[in-house]
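Worksheet for the structure shown next.
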Amino acid sequence: MVFVSSPSLSHLSSNMLKATVEEEGDRRWDEMQADCLINIFRRLALGDLAVAVPFVCKSWYRASLDPSCWRRLNFRSLDFTPWSPFSRAFALRYRLHSPLSFSAFLRFALHRSRGVVDQLAFPLSSAVSIHDLAYASVKCPRLKALALPDNLMLEDDLRIPELVRRWKDLEHLEMETKPSSFLEAVAEIGRNCPRFVGLKVRGLIGREDAKALARCLPELKHLELSKSYLTKDELLVVIGGCRKLETLTVKDCLGFQADDEILKLVSRIERFEHEGSTLLDDYGYETDESEQQTGFFHR
């Protein structure tokens, strides 16, 4: 929705470097002005910002400590397994005596951000704990965009509403799978996040879920429910309640097909994407919501 990959150090735009060098004249790289370095470093991927840039020279190290370089944290580009090149490089550079964990790197990054993080994407792996989410809720008070990890433990899943309500400036939320606390989370967002405009979630979207979206998030502008079980009735509830939608993405869903009635209702929406959605499953049978409650789509 809002998270984009940052370029690696080796793939920095040649035009950006050329323009910076021309602006700085014949100065050496280690003599470049700090604001020029910061402008470049804040576009880098986290891996380069942590294990490459700070070790080039003292001026690069000082520039890399600027909080704006750590404002957008996308951890999904990193491999935290002990044998990954990133984990090994970090352990070597910072002389760790034990393998790098995600929790340790999260604290490292948030310490350098000094509270200015406004975009945060957790890894999809099970390495993330509720303690990491709680820590981020304290250290990232200005968060605007959040992508949650996948497959949290049930007891951790239930704490999502409690954490979400702490981010008063939250505008966008991505959930790879619908948590069991979805209804409570939507209600908390509606009560505590007045600027909230974008949601991405995947799972079984039942009648109560659709009603909650329509009731609690009427100001929603961007909604993605792709790869969900979603019937026509639930889709109509969402369309009818979220009347300020600008984009609605429901690709590869099971439970509905975009018929004339749906297409007429979504004509006011700037972009409606529904490719791959079908009323039937792969075997040609019409799906039944009650059967899906205990199937793949249920969490």
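Be aware that the sequence shown starts at 1, since it is given in UniProt numbering, and climbs by one per residue. A virtual CB, placed ideally from N, CA and C, is assigned to each residue, including glycine.
Integer-rounded CB distance, given that residue j should sit under 8 Å from residue i
| i | j | result |
| --- | --- | --- |
| Leu-49 | Cys-36 | Not really, about 16 Å apart at Cβ, beyond 8 Å. |
| Leu-124 | Arg-159 | Not really, about 19 Å apart at Cβ, beyond 8 Å. |
| Leu-225 | Cys-253 | 7 Å |
| Gln-33 | Arg-72 | In fact, because the Cβ distance is near 22 Å, the residues do not count as touching under 8 Å. |
| Ser-277 | Val-250 | 6 Å |
| Leu-143 | Val-117 | 6 Å |
| Val-186 | Ala-212 | 5 Å |
| Gln-257 | Leu-279 | 5 Å |
| Leu-163 | Ser-137 | 5 Å |
| Leu-265 | Ile-239 | 5 Å |
Best match in the options for proximity to residue i [C-alpha to C-alpha]
| i | options | result |
| --- | --- | --- |
| Arg-207 | Leu-217, His-222, Ser-226 and Leu-236 | Leu-236 |
| Ser-84 | Gly-47, Leu-280, Arg-62 and Gln-119 | Gly-47 |
| Ile-205 | Asn-39, Glu-171, Arg-195 and Gly-255 | Gly-255 |
| Pro-179 | Asp-156, Arg-166 and Pro-194 | Asp-156 |
| Ala-91 | Thr-231, Val-117, Val-51 and Glu-176 | Val-51 |
| Glu-246 | Glu-270, Lys-232 and Val-266 | Glu-270 |
| Trp-167 | Gly-276, Leu-199, Thr-177 and Arg-195 | Arg-195 |
| Tyr-229 | His-131, Lys-244 and Arg-202 | Arg-202 |
| Thr-81 | Phe-105, Pro-67 and Ile-189 | Phe-105 |
| Arg-112 | Val-138, Ala-121 and Pro-67 | Pro-67 |
| Ile-38 | Ser-64, Val-56, Lys-58 and Pro-54 | Ser-64 |
| Glu-273 | Leu-248, Gly-241 and Pro-161 | Leu-248 |
| Glu-188 | Lys-139, Pro-99, Leu-217 and Glu-174 | Leu-217 |
| Asp-150 | Arg-165, Cys-193 and Ala-121 | Ala-121 |
| Lys-227 | Glu-275, Gly-240 and Gly-241 | Glu-275 |
| Ser-181 | Pro-161, Arg-165 and Cys-193 | Pro-161 |
| Lys-200 | Trp-60, Leu-146, Arg-93 and Ser-129 | Leu-146 |
| Asn-139 | Ile-130, Ser-129 and Arg-107 | It should be pointed out that residue 139 corresponds to Lys in this sequence rather than to Asn. The shortest Cα separation from Lys-139 among Ile-130, Ser-129 and Arg-107 belongs to Arg-107. |
Simplified DSSP state of residue i, which is helix, strand or coil
| i | result |
| --- | --- |
| Leu-280 | strand |
| Val-117 | coil |
| Asn-74 | strand |
| His-131 | helix |
| Leu-254 | strand |
| Arg-165 | coil |
| residue 334 | This structure leaves residue 334 out entirely; the chain is present only between 1 and 299. |
| Arg-159 | coil |
| Arg-142 | coil |
| Arg-271 | strand |
| Leu-263 | helix |
| Leu-46 | helix |
| Glu-174 | strand |
| Glu-24 | With a pLDDT of only 48 at Glu-24, under the threshold of 50, the placement of this residue in the model should not be trusted; the figure read from the coordinates follows. Looking at Glu-24 - three-state DSSP - the assignment turns out to be helix. |
| Leu-183 | helix |
| Ala-147 | strand |
| Leu-154 | helix |
| Leu-248 | strand |
| Leu-236 | helix |
| Val-51 | helix |
| Pro-67 | helix |
| Ser-137 | helix |
| Cys-36 | helix |
| Leu-100 | coil |
| His-112 | Note that residue 112 corresponds to Arg in the displayed sequence, not to His. Residue state, collapsed to three classes: helix. |
| Leu-124 | coil |
| Pro-85 | helix |
| Phe-80 | coil |
Cα-Cα separation, residue i to residue j
| i | j | result |
| --- | --- | --- |
| Leu-148 | Asp-169 | 16 Å |
| Arg-62 | Met-153 | 39 Å |
| Ile-40 | Glu-234 | 46 Å |
| Arg-191 | Leu-183 | 13 Å |
| Leu-114 | Ala-45 | The sequence shown places Arg at residue 114, rather than the Leu named in the question. Near 18 Å, if we compare the C-alpha coordinates of Ala-45 and Arg-114. |
| Glu-176 | Glu-261 | 29 Å |
| Asp-132 | Phe-102 | 9 Å |
| Asp-55 | Ala-109 | According to the sequence shown, residue 55 is Phe rather than Asp. The alpha-carbon atoms of Phe-55 and Ala-109 are separated by roughly 16 Å. |
| Arg-198 | Lys-244 | The sequence given here places Gly at residue 198; Arg does not occur at that position. The alpha-carbon atoms of Gly-198 and Lys-244 are separated by roughly 11 Å. |
| Tyr-135 | Pro-141 | 11 Å |
| Arg-88 | Cys-57 | 21 Å |
| Pro-99 | Ala-127 | 13 Å |
| Asp-259 | Arg-215 | 25 Å |
| Tyr-94 | Arg-165 | 35 Å |
| Val-53 | Arg-43 | 12 Å |
| Trp-60 | Asn-74 | 21 Å |
| Leu-96 | Phe-86 | 13 Å |
| Lys-232 | Cys-193 | 29 Å |
| Cys-242 | Glu-171 | 16 Å |
Legend entry - Uninterrupted alpha helix (DSSP H) stretches inside the segment 197–231 (no shorter than 4 residues): You should have 207–216.
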